[in-house]
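Note that this note's numbering has the sequence shown beginning at 443, numbered continuously upward.
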Amino acid sequence: MARLIVEGGRPLQGSVEISGAKNSALAIIVAAALAEEGESILENIPQGSDIGTICLILRELGVKVWFDDVGRLHLRAEKLNKFQASYDLVRRMRASFYSAGLLLARMGQAEVPLPGGCAIGSRPVDFHIKGFTQLGAEISIEHGFMKAEAKELKGAQIYVNRASVGTTINLMIAASLAKGTTVLENAAKEPEVVDLAIFLNGMGGKVRGAGTDTIRIEGVSGLRGIEYSIIPDRIETGTFMFAAAITGGDVTLKSVVAEHVRVPIVKLEEAGVIIERKDNELRVRAPQRLKAIDVETMPYPGFPTDLQQPLVASLSVAEGTSVVRETIFDRFRYIDELRRMGADIKTERGTAIVRGVKQLTGAPVEITDLRAGAALTIAALAAEGRTDLYGVEILDRGYELFEEKLQNLGGRIYRKKTAEGRDLFAPRPSRK
Ligand code: EPZ
């Protein structure tokens with residue numbers, strides 16, 4: 443167990459390279475295992491434990507997955523030969539459920555544990571299951587597993603409830619090798635969905651309309667491995683934009699797609715931040731103090747739920763009262779921790795009323811989920827004094843070299859191992 447120690451109160455300055463998109467990479471790594479021939483070589487895969495988990499799941503299914511010494515991921519899936527994913531791996535993250543779409547497409551059979559509860563509220567997979575059924579799979583739930591079988595998946599017209607990102611991705615994966623055409627209506631429009639579509643088409647798939655709310659997937663008889671580079675992470679991009687904003691900093695973000703963070707840019711500008719775009723760079727210059735703004739989270743292209751936490755952290759020191767409405771998940775648990783740092787925030791049924799205070803103060807705090815961790819870290823960088831962030835393993839799931847990148851921008855942040863009771867015991871010889 444480890445914690446991050448942050449000495450706050452300094453504006454961040456300098457430049458930072460944005461990594462590949464975690465959520466795109468998770469989908470594309472699974473989709474790469476649809477190929478019965480050839481090797482896929484994936485570039486710009488961010489290092490993080492979620493990526494490690496998806497690779498372990500695929501290995502368990504018989505897929506060869508390895509990283510080369512320049513960080514590219516190689517994948518060969520000719521020998522995919524199992525259809526059961528183990529609970530120990532799948533329970534670690536919801537995106538593991540993409541393995542169900544893959545297994546149905548490749549093996550006609552899937553036994554995948556249902557993801558359990560989650561720190562950001564109830565996150566069922568009923569939409570995914572409904573979609574698999576419409577593609578012709580017979581499904582039962584037994585002993586905590588979804589058991590699905592389909593001699594042959596058949597294209598269908600499917601309405602995606604709540605424009606669910608995960609459902610859209612899982613069904614794109616499953617439908618790619620189905621017989622006939624699948625039409626996803628009310629599909630998610632997130633850049634990660636578009637990235638997956640481009641990748642599938644490169645493999646020989648026939649996916650049209652990604653990025654609009656109707657996606658047509660014409661099933662093909664086989665796909666092959668290709669080389670591909672993952673898009674930059676728009677949530678990491680946004681997180682560093684808010685890190686610059688909350689600390690009154692001046693940060694240039696490199697390797698970004700500004701289009702993917704259009705609404706966060708507009709909102710930051712409304713709060714008084716100056717943002718300049720040049721090629722694939724964004725320079726973010728913050729005023730001494732931000733102005734209050736009102737924001738509502740929405741599916742893409744709206745303001746992303748994954749940036750709601752860094753946004754609220756930043757507004758907690760803005761001038762005036764902001765209102766932030768979260769419409770996607772139940773994602774306000776971290777606000778209790780922000781309050782311990784002196785923030786004045788009231789929450790009421792999905793709405794946070796943020797009364798800006800002049801200054802946060804460092805405190806020991808607990809990270810409850812990935813994006814909450816990012817929010818608490820940037821709050822700590824702006825706060826006066828020292829903050830100890832516990833539960834840092836959660837941050838390691840999805841941010842590549844987070845502390846190093848912040849250190850390079852002048853942030854005083856370092857990692858320390860947390861002492862545990864069991865550390866007191868000397869190793870004993872095992873009893874036979
Ligand atoms: C994806 O989650 C992302 N995860 C999330 O990022 C992101 O917050 C979310 O999309 C919204 O943008 C990955 O890409 C791996 P949804 P996902 O299905 O696919 C409900 C992060 O921190 N729903 O679009 O799970 C659901 O509860 C993560 O990187 C059902 O009720 O989100 C939510 O209210 C966190 N039944 C809404 O739909 C279902 O079967 C939209 O969720 C599926 C979803």
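Where a beta carbon is used, it is the ideal one built from N, C-alpha and C, also for glycine. Model, not experiment: these values are computed from the prediction.
> Between the beta-carbon of Ala477 and the beta-carbon of Gly667, is there less than 8 Å?
Replying inline: yes
> Between Ala630, Ala728, Gly586, which lies nearest to Gly691 when the distance is taken from Cα to Cα?
Replying inline: Ala728
>> Considering Cα atoms alone, identify which of Ser872, Lys572, Gly804 is closest to Ile447.
In response: Gly804
> Around the Cβ of Ser582, are there at least 16 other Cβ atoms within 10 angstroms (buried) or fewer (exposed)?
Replying inline: exposed
> Taking Cβ to Cβ, would you say Ile672 is nearer than 8 Å to Gly462?
Replying inline: Remark: C-beta atoms of Ile672 and Gly462 approach each other more closely than 8 Å.
>> Within a Cβ cutoff of 6 Å, which residues of the same chain sit near Asn612, ignoring the five residues on either side of it in sequence?
In response: Tyr540, Gly543, His570
> Is Phe771 near the ligand EPZ, judged by its Cβ being under 7 Å from some heavy atom?
Replying inline: yes
> If you draw a straight line from the alpha carbon of Gln801 to that of Glu826, how long is it in whole angstroms?
Replying inline: 7 Å
> Could you check where the alpha helix (DSSP H) with Gly456 kicks off and where it finishes?
Replying inline: Element bounds for Gly456: not the alpha helix (DSSP H) but the beta strand (DSSP E), 455–459.
> Start and end of the alpha helix (DSSP H) containing Thr609?
Replying inline: 607–617
>> On a Cα-Cα basis, can you pick out the residue from Val807, Leu812, Ala821 that is closest to Val799?
In response: Ala821
> How would you label Leu866, buried or exposed, when you count the other beta carbons within 10 angstroms and need 16 or more for buried?
Replying inline: exposed
> To which residues of the same chain is Ser538 closer than 6 Å at the C-beta, ignoring the five residues directly before and after it?
Replying inline: The residues are Ile499, Val532.
> DSSP beta-bridge partners for Tyr601?
Replying inline: Glu627
> In this structure, does DSSP put Lys521 in helix, strand or coil?
Replying inline: The three-state reading of DSSP puts Lys521 in coil, since its state is none of H, G, I, E or B.
> Between Asn628 and the ligand EPZ, is the CB less than 7 Å from at least one heavy atom?
Replying inline: no
>> Can you list, in chain order, the residues of its chain with a C-beta nearer than 8 Å to that of Leu577? Leave out the 5 residues immediately preceding and following it.
In response: Leu546, Ala592, Leu595, Lys596, Gly597, Ala598, Ile600, Leu613, Ala616, Ala617, Ala620, Thr624
> DSSP three-state call for Lys788: helix, strand or coil?
Replying inline: strand
> Which term fits Pro746, buried or exposed, when burial requires 16 or more other beta carbons within 10 angstroms of its beta carbon?
Replying inline: buried
> Roughly how far, in whole angstroms, is the beta-carbon of Ala814 from the beta-carbon of Tyr776, given that I think they are within contact range, below 8 Å?
Replying inline: 3 Å
> Taking 7 Å as the line, does the beta carbon of Arg813 fall inside it for any heavy atom of the ligand EPZ?
Replying inline: yes
> Taking the runs of the alpha helix (DSSP H) that are 4 residues or longer, which of them lie wholly in the segment 658–706?
Replying inline: 676–688
> Which ranges would you report for the alpha helix (DSSP H) in the segment 489–518 if only whole runs of at least 4 residues count?
Replying inline: 491–502
>> Taking the alpha carbon of Gly661 as the reference point, which residue from Gly833, Gly646, Gly653, Asp675 has its own alpha carbon closest?
In response: Gly646
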